[in-house]
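J.:
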């Protein structure tokens, strides 16, 4: 980048030429007020109500679809033989994958001391939790008799039955429930000091009461902070292997089966990379409108957008390697069934879905994300985020449907067609996610204030002699 | 326990973390032991200054994780071998490799919960009341942009007038007496 540009643009760090993580001129108080004001103001922006209305309306579709499902049964969906896993599993895997970026940002980037993550980690974690809420619903409503879903848990019962611990589907129960619990705990613990700030900044008695309770009496003692920092690091250290294990276990649901297209050892890393890829796309989809709407450009800067673009480029290439390996193994395995599966996936009746996936996940993002100009272009990154989310949904569709609908025996071949109930359930979870996320933005501090304060220049402790001289 | 009365301590307010850390270091050096700093974000130097170097959160987490691991592995073994033996494709009843995954998840679950709740318990939280919130300037800054040093009345060296003069020598913004 040209030197004059670096000098003239205050958003750029003159030493590195990179965009600054936090725009210059912020103080402890300005950061606090900016973030708390979004929540503590009594006037909710009209746009919030409009979006919440849309989200709520779509979530109502979910309610209708699930009610009808409970009354009639899974026959209302498009699932049949041989495609017995349809939208429910596609959406489950897609939503869980989206959640993974939140944990990656909050845990893995914390361990790597990537302080730029501080501005985006809170809402990325919120995204994780709401994505897991949406994801967790699908297997539960897919089991046929959802009111008996608790049979999946090991508990002493009068039937003297116990779950079968050798099945990946049961491993999933433990992986996803642990993931949901730890994500909620990590998120809440992260918010406790900020709840203290909210309690102290709010003017209304009701807000003081509820934020006071939520803050657990936090008073910022440095002894507390020391234990808090240790606990945060430990939680990050625990969440890191957890997040890698969750999508790995989900990929076992497929990889342990003997079906061509599923039975492959590349699945665990390829699922995890895909999860992070789609998750970062979703963080961008959420962050770009949010920073604009709430004027947070000083805290979520082009640097964040740029860095997320880089992470997507890297994980996108891992995903590309996974696709390449699948094609290679179809040939190298010399298995007739594998080769046919691959040919059918590309050129069979549902071949279009494979090419949508290749276009959205590889052709568009991996050719353009190299450009720093495009990575810091806000409209383009928003566009890319939607493209990758679409592409990753089609990846799940391709894995589930195109492996199932034409397996070993031509006499048992079939097809898959989603019904309106499938679409309503899927669109409904998008609405539920939107509504939950808007509630989060309205009532909770969406940027971790204590972590932002740590990054400000005023937080640097200077020796006595230089303190007088100034910075 | 009867309600405590009298003075909890003296609270000095500083504008920069550097001033707080220097005051805390000096106070510790001068023999104060019952003292604490309050900051709006973690200031490691301040914890070091008042002699708080290590904590028990890692130990609690380790114990929690080991309990989770042992509990799930034992449950899986008991269920699969004794309580409900099933022949799954001729595999042995004690097929331990398959048991690793849920045991691994529960290790993380229990360790994570122990880290979070252990940290809160060691901090004495949740606490519905603390005398510091009686100080009029504490809530305006302790969680926003001010740095506080508190000399507690429980310290044997504590004597109200002298302690106040001692704190004034660090040139804080204010020194406030905090009541229970």
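Chains as they are written, first to last, in my numbering: chain A, 12 to 482; chain B, 72 to 251.
Where a beta carbon is used, it is the ideal one built from N, C-alpha and C, also for glycine.
All figures in this text were calculated on a predicted structure; none of them were measured in a lab.
#1: Give me the residue from 375/A, 65/A, 236/A with the minimum Cα distance to residue 204/A.
#2: With residue 23/A as the anchor, note down where its alpha helix (DSSP H) starts and where it stops.
#3: Below 7 Å on C-beta distance, what does residue 151/B contact in chain A?
#4: Take residue 368/A as the anchor and find which of 347/A, 219/A, 202/A, 399/A has the nearest alpha-carbon.
#5: Taking DSSP as the reference, what is the three-state secondary structure of residue 83/B?
#6: Using a Cβ-Cβ cutoff of less than 7 Å, which residues in the same chain neighbour residue 55/A once the five nearest sequence positions on both sides are dropped?
#7: Let me know if residue 68/A comes out buried or exposed under the rule of 16 or more other beta-carbons within 10 Å of its beta-carbon.
#8: Taking 8 Å as the cut-off, decide whether the C-beta atoms of residue 189/B and residue 128/B are in contact.
#9: How many angstroms separate the CA atom of residue 229/B from the CA atom of residue 223/B?
#10: Quick check on the DSSP output: what are the complete alpha helix (DSSP H) runs of length 4 or more inside the segment 332 to 399 of chain A, in order along the chain?
#11: Which of the three DSSP states, helix, strand or coil, is assigned to residue 240/A?
#12: Exposed or buried, residue 384/A, counting other C-beta atoms within 10 Å across all chains shown (16 or more means buried)?
#13: At what residues does the beta strand (DSSP E) containing residue 248/B begin and finish?
#14: Give the DSSP-derived three-state secondary structure of residue 237/B in the structure shown.
#15: Using three-state DSSP, classify residue 220/B as helix, strand or coil.
#16: What is the C-beta distance between residue 408/A and residue 296/A, in whole angstroms, given that I count them as a contact (C-beta under 8 Å)?
#17: According to a CB-to-CB cut-off of less than 8 Å, which residues of the segment 180 to 201 of chain B neighbour chain A?
#18: Give every residue of the same chain whose Cβ lies closer than 6 Å to the Cβ of residue 178/B, excluding the five residues on either side of it in the sequence, and list them in chain order.
#19: Any idea what DSSP makes of residue 183/A, helix, strand or coil?
#20: So with Cβ pairs under 8 Å, would you call residue 88/A a contact of chain B?
#21: Per DSSP, what kind of secondary structure is residue 215/B in: helix, strand or coil?
#22: If we define contact as Cβ-Cβ less than 8 Å, is residue 135/B a contact residue for chain A?
#23: In chain order, what residues of the same chain have a beta carbon less than 6 Å from the beta carbon of residue 405/A, not counting five sequence neighbours either side?
#24: Between the alpha carbons of residue 239/A and residue 229/A, how many angstroms are there, rounded?
#25: Can you find the residues in the same chain that come closer than 8 Å, C-beta to C-beta, to residue 72/B, ignoring five residues on each side of it along the sequence?
#26: At a Cβ cut of 7 Å, what residues of the segment 158 to 172 of chain B count as close to chain A, listed as they run along the chain?
#27: Between residue 166/A and chain B, is any beta-carbon pair separated by less than 8 Å?
#28: Are there 16 or more other CB atoms within 10 angstroms of the CB of residue 207/B, so buried, or fewer, so exposed?
#29: Against chain A, does residue 282/B count as a neighbour if the rule is that its beta carbon must be under 8 Å from one of theirs?
#30: For the segment 173 to 192 of chain A and the segment 82 to 97 of chain A, state whether three or more C-beta atom pairs, one from each stretch, are separated by less than 8 Å.
#31: In chain A, which residues lie with their C-beta within 9 Å of the C-beta of residue 155/B?
#32: Taking CB distances under 8 Å as the criterion, tell me whether residue 113/B reaches chain A.
#33: Does residue 217/A pass the burial test, meaning 16 or more other C-beta atoms within 10 Å, or should it be called exposed?
#34: List the residues of chain B whose Cβ lies closer than 7 Å to the Cβ of residue 238/A, in chain order.
#35: Chain B partners of residue 245/A, CB-CB under 7 Å?
T.: Reading it off the structure:
#1: 236/A
#2: Unbroken run through residue 23/A: none, as it is neither H nor E.
#3: 176
#4: 399/A
#5: strand
#6: 453
#7: The Cβ neighbour count for residue 68/A, taken over all protein chains shown within 10 Å, is under 16; the residue is labelled exposed.
#8: yes
#9: 7 Å
#10: 347 to 358, 362 to 369, 376 to 379, 383 to 386
#11: helix
#12: exposed
#13: Residues 245 to 250.
#14: helix
#15: strand
#16: No, residue 408/A and residue 296/A are not in contact; Cβ-Cβ is about 19 Å, not under 8 Å.
#17: 180, 182, 183, 184, 186, 187, 189, 190, 191, 193, 194, 196, 197, 198, 199, 200, 201
#18: 136, 139, 140
#19: helix
#20: no
#21: coil
#22: no
#23: Counting only residues of its own chain and dropping the five nearest sequence neighbours on each side, residue 405/A has a CB closer than 6 Å to the CB of 364, 367, 368.
#24: 11 Å
#25: Summary for residue 72/B: the model assigns pLDDT 45, below 50, so the residue's position carries little reliability, and this model does not support an answer.
#26: 159, 162, 166, 169, 170, 172
#27: no
#28: exposed
#29: Residue 282/B lies beyond the range of chain B shown here (72 to 251); nothing can be said about it.
#30: Too few Cβ pairs lie closer than 8 Å, so no.
#31: 171, 172, 173, 174, 175
#32: yes
#33: Counting other Cβ atoms within 10 Å of its Cβ, residue 217/A stays below 16 and is therefore classed as exposed.
#34: 126, 128, 190, 193, 194
#35: Chain-ordered, the chain B residues with CB closer than 7 Å to the CB of residue 245/A read 128, 129, 132, 186.
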